[in-house]
Amino acid sequence: MDPNPFWEQPDIVRDFADRAPDVRLVALLESPAARDIRRALDIGCAGGRNTVLLAQHGIEVHALDAARAMVAETRRRLHATLDEGTAATRVQQRRMDELDCYPDAHFDLVLALGIWHSAGSWAEWQRAVAEAARVLAVRGRLLLSHFTPRTELTGCGVQAVPGEPHTYEGFESGRAVLLERAEIVSELRPIGLEPIRPLEVLTTEKDGGRRVSVTGELVRRER
Ligand SMILES: C[S@@+](CC[C@H](N)C(=O)[O-])C[C@H]1O[C@@H](n2cnc3c(N)ncnc32)[C@H](O)[C@@H]1O
1 MDPNPFWEQP DIVRDFADRA PDVRLVALLE SPAARDIRRA LDIGCAGGRN
51 TVLLAQHGIE VHALDAARAM VAETRRRLHA TLDEGTAATR VQQRRMDELD
101 CYPDAHFDLV LALGIWHSAG SWAEWQRAVA EAARVLAVRG RLLLSHFTPR
151 TELTGCGVQA VPGEPHTYEG FESGRAVLLE RAEIVSELRP IGLEPIRPLE
201 VLTTEKDGGR RVSVTGELVR RER
């Protein structure tokens, strides 16, 4: 796996590790639906803010990230809840489209929070979403946050990559796959992922740039 130096930087790891858990995940874990969540997968766990919260709730959480430094930080933080061997098995260095180590219909909850845009290509994005649908149990939930092409993290805009659908240059971390809400729904519905409620579009201004994210919960339909 070619490491992406951006995600290995100690200050970036610290920045993500220091963030509070995702508010939608916190709300889900405080709701009656939490009773049905026994096993969860955190795709692109970064500094482990959501992985740790799931473990603290007694959920068998598995996590993956392509960056060695992010994996090390998530494992380290899990040691408060899990022994070292279990943390090492549960948190793996792998890419978002390499879920072959997990059986079909294995998870009650999959997190794809700010991760799928990091696919290096449209083909990787399509493999990643198909794999997430495969490992999710019927009636399992997918918690999603996904950037749209109206996002520009630095204020310098993004530029479409010719010949590569939905793919843009302009993110410091490398190429990004960016989709609007309707495009996300029309890609996910045919692979069995249905929004529970209409997905929201949230805009925040930060660091001179703008984040426009499609966010919400989807459910895995019958196969
Ligand atoms: C914006 S952060 C994710 C944030 C995290 N989900 C959270 O809510 O805190 C993006 C993460 O994706 C990882 N990443 C980038 N490309 C990846 C890939 N192709 N497969 C798996 N992880 C990847 C990065 O190392 C980084 O930790």
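Heads up: the sequence shown is residues 1 to 223, going by the working numbering. Ideal Cβ positions, reconstructed from N, Cα and C, are used throughout, including at glycine.
Distance CB(residue i)-CB(residue j) smaller than 8 Å
i, j, result
"A55", "L28", "no"
"L25", "L53", "yes"
"G192", "T154", "no"
"A63", "T74", "yes"
"A199", "V219", "Residue identity check: residue 199 is Leu in the sequence provided, not Ala. No, Cβ-Cβ distance for L199 and V219 is not below 8 Å."
"L136", "V110", "yes"
"I37", "D108", "yes"
"L113", "D22", "yes"
"H106", "R39", "yes"
"V138", "R76", "no"
"E152", "G170", "yes"
Outcome for residue i when other beta-carbon atoms lying within 10 angstroms are tallied against a minimum of 16
i, result
"V129", "buried"
"G58", "exposed"
"G47", "buried"
"I115", "buried"
"P195", "buried"
"L202", "exposed"
"T204", "exposed"
"F6", "exposed"
"C45", "buried"
"E124", "buried"
"N50", "buried"
"I131", "Strictly speaking, residue 131 in this sequence is Glu, with Ile absent from that position. The residue in question, E131, is buried, as its Cβ has 16 or more Cβ neighbours within 10 Å."
"V71", "buried"
"V20", "The sequence as given places Ala at residue 20; Val does not occur at that position. Flag for A20 reads exposed."
"R95", "buried"
"A80", "exposed"
Residue i, DSSP secondary structure in three states
i, result
"L180", "With the sequence shown as reference, residue 180 is identified as Glu, and Leu is not the correct amino acid for it. Reduced to three states, the DSSP call for E180 is coil."
"L53", "helix"
"Q159", "strand"
"P198", "coil"
"T203", "strand"
"L218", "strand"
"I43", "strand"
"D108", "strand"
"Q93", "strand"
"S213", "strand"
"A72", "helix"
"A20", "coil"
"G140", "strand"
Near ligand 2: residue i beta-carbon under 7 Å from a heavy atom
i, result
"L109", "Summarising the ligand content, the structure contains ligand 1 and does not contain ligand 2."
Residue(s) in a DSSP beta bridge with residue i
i, result
"A119", "Note: A119 sits in no beta bridge, so no partner."
"D65", "Q93"
"H146", "V214"
### Query
Does the pairing of the region 116-132 with the region 169-178 give three or more beta-carbon distances under 8 Å?
yes
### Task
State whether the region 83-103 contacts the region 138-150, with contact taken as three or more CB pairs (one from each stretch) at a distance under 8 Å.
no
### Message
For the structure I just gave you, are there three or more beta carbon pairs, one from the region 205-217 and one from the region 148-156, closer than 8 Å?
### Response
Enough Cβ pairs lie closer than 8 Å, so yes.
### Message
Is it the case that the region 181-194 contacts the region 6-17, given that we only count it when at least three CB pairs across the two stretches are under 8 Å?
### Response
no
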